[in-house]
Amino acid sequence: MSDFRLAMRGLCQTVGIVTTVDRGQCRGMTASSITSVSMDPPSVLVSVNKDASIHSAITSSRRFSVNFLSDVQEDLSRIFSSEIPGEERFLHGEWVKEDGCPPELVGALSVISCDLETTSTFATHTIFLGCVRTVRLSNAGYPLVYMQGRYHPLREKGAAA
Numbered sequence: 575m576s577d578f579r580l581a582m583r584g585l586c587q588t589v590g591i592v593t594t595v596d597r598g599q600c601r602g603m604t605a606s607s608i609t610s611v612s613m614d615p616p617s618v619l620v621s622v623n624k625d626a627s628i629h630s631a632i633t634s635s636r637r638f639s640v641n642f643l644s645d646v647q648e649d650l651s652r653i654f655s656s657e658i659p660g661e662e663r664f665l666h667g668e669w670v671k672e673d674g675c676p677p678e679l680v681g682a683l684s685v686i687s688c689d690l691e692t693t694s695t696f697a698t699h700t701i702f703l704g705c706v707r708t709v710r711l712s713n714a715g716y717p718l719v720y721m722q723g724r725y726h727p728l729r730e731k732g733a734a735a
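Counting along the sequence shown from 1, when you hit position 8 you're at 582 in the working numbering, and nothing is skipped either side.
See below:
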């Protein structure tokens, strides 16, 4: 399946940090497998490896947020895809943490918060489908994208960072 892997690496993906809170513990992971599903009702899906620590937390809390990163937030993407333990990841960046709500990243391009509607498990991953509760837009910058195993800027020619 190396050809399949190479084909998927060629797709340009927007990068986000998926977050949740379960029993008072914040969890988060970097994800690029994020897709809008429907406008009516507004809904989003994220694909999460069953071995990821956030998997059981989303299943239990039934809520998650997707924090879409700007191209100046690559460091946060790396932190949330590292071996740094769950809560410690949130020491990086500025996060709004309201009681029972998934953490929201201050300065994210947008944050979409969802209630878990349904799940579907296939092989190593679970697809979490969420109905959108709230959307926060900042539109401050350009999206962080990932393709061919690395991050890429999407700035217009001559645009400053």
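We put the CB at the ideal spot given by N, CA and C, even for glycine. Computed from a prediction, not measured in an experiment: that's the story for all the values here.
Can the beta-carbon of residue i be found less than 9 Å from the beta-carbon of residue j?
| i | j | result |
| --- | --- | --- |
| V595 | V640 | no |
| G704 | R637 | yes |
| G660 | C600 | yes |
| T630 | V618 | Correcting the residue type first, residue 630 is Ser in the shown sequence and not Thr. Taking 9 Å as the Cβ cut-off, S630 and V618 do not qualify as a contacting pair. |
| L728 | A682 | no |
| S651 | T604 | yes |
| V709 | P616 | yes |
| P677 | G584 | no |
| V620 | S607 | yes |
Secondary structure at residue i, three-state DSSP: helix, strand or coil?
| i | result |
| --- | --- |
| D649 | helix |
| L703 | strand |
| E678 | strand |
| R579 | helix |
| R710 | strand |
Span of the beta strand (DSSP E) holding residue i?
| i | result |
| --- | --- |
| A605 | Q599 to A605 |
| T594 | G590 to D596 |
| F696 | S684 to F696 |
In the DSSP assignment, find the alpha helix (DSSP H) that holds residue i and state where it starts and stops.
| i | result |
| --- | --- |
| R744 | Summary: the structure shown does not reach residue 744, with the chain confined to residues 575 through 735, and so no result is reported for it. |
| R740 | Because the chain is modelled from 575 through 735, residue 740 falls outside the range shown and cannot be assessed. |
| G667 | That residue, G667, is in no alpha helix (DSSP H); it is neither H nor E in DSSP. |
Next item on the list: Indicate whether the contact test is met: 3 or more Cβ pairs, each with one atom in the region 617-630 and one in the region 714-732, closer than 8 Å.
Entry: no
Checklist line | Complete beta strand (DSSP E) runs within the region 604-633 (minimum length 3 residues, chain order) | finding: 608-613 and 616-623
Next item on the list: Could you tell me whether the region 694-702 touches the region 654-664, where touching means 3 or more Cβ pairs closer than 8 Å?
Entry: no
Notebook entry, point to check: Touch check for the region 667-685 and the region 595-611: three-plus C-beta pairs under 8 Å?
Noted result: yes
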